[in-house]
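Start counting the sequence shown at 1; every next residue gets the next number (the numbering used here).
Structure first, then comments.
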Amino acid sequence: MSSYQNDLFLRAAKGEQVERPPVWIMRQAGRVLPQYRALRANYAGFREFMFDPAAAAEATIQPIDELGVDAAIIFSDILVIPEAMGLVYDMVEKRGPIFPKTIKSAYDVKSLVAGEEAAAKLDYVYEALRITKRDLNNRVPLIGFAGAPWTIFAYMVEGSGSKTFSKAKEFLYRYPEISHQLLDRITDTTIAYLKQKVANGADLIQIFDSWAGILSPAQYREFATQYIAKICTAITNVPVTVFSKGAWFALDELAQLDCQVLGLDWNIEPAEARKRVGDKVVLQGNMDPCFLYADAATVKKGVQDMIKSFGPKHIVNLGHGLYPDIPLDNVRVFVDTVKEYNY
């Protein structure tokens, strides 16, 4: 017997038969909610907000209260990993993350802190999980997450966001051996970090490979999939979701990972994805966030059509995170349409 008032998300993630698909939304804890904006206004910047475990916990729970989604996801950032390893970053308004120092050599890689030593520096995240778990009071499960090693690597080498990540890709081509050394250290740190997240209350782990789609299939196979595989194998006591944005070309290989759920962006048809991955994994996604700019009736029909296209073994989500100017009423339509659906 589950201890959760609503365990639909966890049951679906484990591949069990459910009465309707569960729903949650990437970036549901954030700027689309007026109560989040009000809370955030009390802090000088994003990082100050994130470093406050009580505020992070409050932001995590807000969409449960406001939208009635079937899972919470801890309010945090994927770039806490490079920071714990020794690369401090700043979050610049309207520009995103900026790293004053980047990885340029084997010496830089060897100078990084890694593994459990690095993960131990992130207790403010674990404290946010503990507070959230307490305050959720078993209403819904709690998702913990991390960036995939390639995506973290991309920021550590590039030094900021990028449309091409050409510096990071150049590093892969010019210094493959050093690249593997860095990816190994990121992977070890991520495993230690995620194990602590599970120990402090995470019921499912999601791995975000946000920049998967800028690599070629051969590069992705060499520099991404094998490291995600190590993480999936290491996390044994909760389900794992892998979301490799843009990596439609790698779906067949991703389906062989020791994970329970594969997230999809909007660039692949549900039927095609199911055909390529088989029945082993649950699929999550995959509505284009921009679809939520449409009128309410169009959003409702689109959600219904998406659910029908996926069939069973599906967790409803967008194909990427919410944008801050998406109308909140349409987000409600998205969620409510799923909750009204019956298989």
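Positions of the beta carbon are idealized from the N, C-alpha and C atoms, including for glycine.
Test item: CB-CB of residue i and residue j under 8 angstroms
{"i": "R221", "j": "L251", "result": "no"}
{"i": "L318", "j": "I73", "result": "no"}
{"i": "N200", "j": "R134", "result": "no"}
{"i": "T189", "j": "A119", "result": "yes"}
{"i": "A84", "j": "K110", "result": "no"}
{"i": "A78", "j": "A146", "result": "For clarity, residue 78 is Ile in the given sequence; the question names Ala instead. Cβ distance < 8 angstroms, so I78 and A146 count as in contact."}
{"i": "L112", "j": "E66", "result": "no"}
Same chain, Cβ closer than 6 angstroms to residue i, five either side skipped, listed in chain order
{"i": "K163", "result": "none"}
{"i": "F291", "result": "G302"}
{"i": "G321", "result": "M26, R27"}
{"i": "F99", "result": "L87, Y89, G159"}
{"i": "Q35", "result": "Q62"}
{"i": "N42", "result": "none"}
Inter-residue Cα distance where the pair is residue i and residue j
{"i": "Q260", "j": "E16", "result": "11 angstroms"}
{"i": "K339", "j": "A55", "result": "28 angstroms"}
{"i": "D52", "j": "A38", "result": "15 angstroms"}
{"i": "W248", "j": "A218", "result": "13 angstroms"}
{"i": "I178", "j": "N342", "result": "51 angstroms"}
{"i": "A271", "j": "D305", "result": "12 angstroms"}
{"i": "C232", "j": "V281", "result": "13 angstroms"}
{"i": "L254", "j": "I191", "result": "18 angstroms"}
{"i": "P312", "j": "K94", "result": "39 angstroms"}
{"i": "T298", "j": "R332", "result": "13 angstroms"}
{"i": "D209", "j": "L183", "result": "13 angstroms"}
{"i": "G144", "j": "A13", "result": "14 angstroms"}
{"i": "Q226", "j": "P82", "result": "20 angstroms"}
{"i": "I326", "j": "A148", "result": "27 angstroms"}
{"i": "S76", "j": "Y323", "result": "17 angstroms"}
{"i": "G285", "j": "F310", "result": "9 angstroms"}
{"i": "D108", "j": "G278", "result": "42 angstroms"}
{"i": "T236", "j": "W266", "result": "29 angstroms"}
{"i": "K104", "j": "V238", "result": "36 angstroms"}
Beta bridge counterpart(s) of residue i as assigned by DSSP
{"i": "S160", "result": "I98"}
{"i": "V92", "result": "G96"}
{"i": "I235", "result": "Per DSSP, none; premise fails for I235."}
{"i": "Q317", "result": "A small correction: the amino acid at residue 317 is Asn; Gln does not occupy that position in the sequence shown. Answer is N286."}
{"i": "I205", "result": "G144, V240"}
{"i": "G263", "result": "F243, Q284"}
Own chain, CB closer than 7 angstroms to residue i, minus 5 neighbours either side, in chain order
{"i": "A273", "result": "L251, L264, L283"}
{"i": "F165", "result": "A154, E158, W211, I214"}
{"i": "K101", "result": "L87"}
{"i": "V18", "result": "L8, R11, A12"}
For residue j and residue i, believed in contact at Cβ under 8 angstroms, the rounded distance
{"i": "I207", "j": "I186", "result": "Contact doesn't hold; Cβ gap of about 12 angstroms is too wide."}
{"i": "T132", "j": "T60", "result": "5 angstroms"}
{"i": "I205", "j": "R139", "result": "The pair is not a contact, with the Cβ atoms about 20 angstroms apart (cut-off 8 angstroms)."}
{"i": "P21", "j": "I307", "result": "6 angstroms"}
{"i": "L142", "j": "A202", "result": "6 angstroms"}
{"i": "Q181", "j": "Y126", "result": "About 27 angstroms; that fails the 8 angstroms criterion."}
{"i": "M91", "j": "R47", "result": "5 angstroms"}
Own chain partners of residue i with C-beta closer than 8 angstroms, once the 5 adjacent residues on each side are dropped
{"i": "V23", "result": "V69, D70, I315, V316, N317, F334, V335, V338, K339"}
{"i": "K294", "result": "In the sequence as presented, Lys is not what sits at residue 294; that position holds Ala. The answer, listed in chain order, is G302, N330."}
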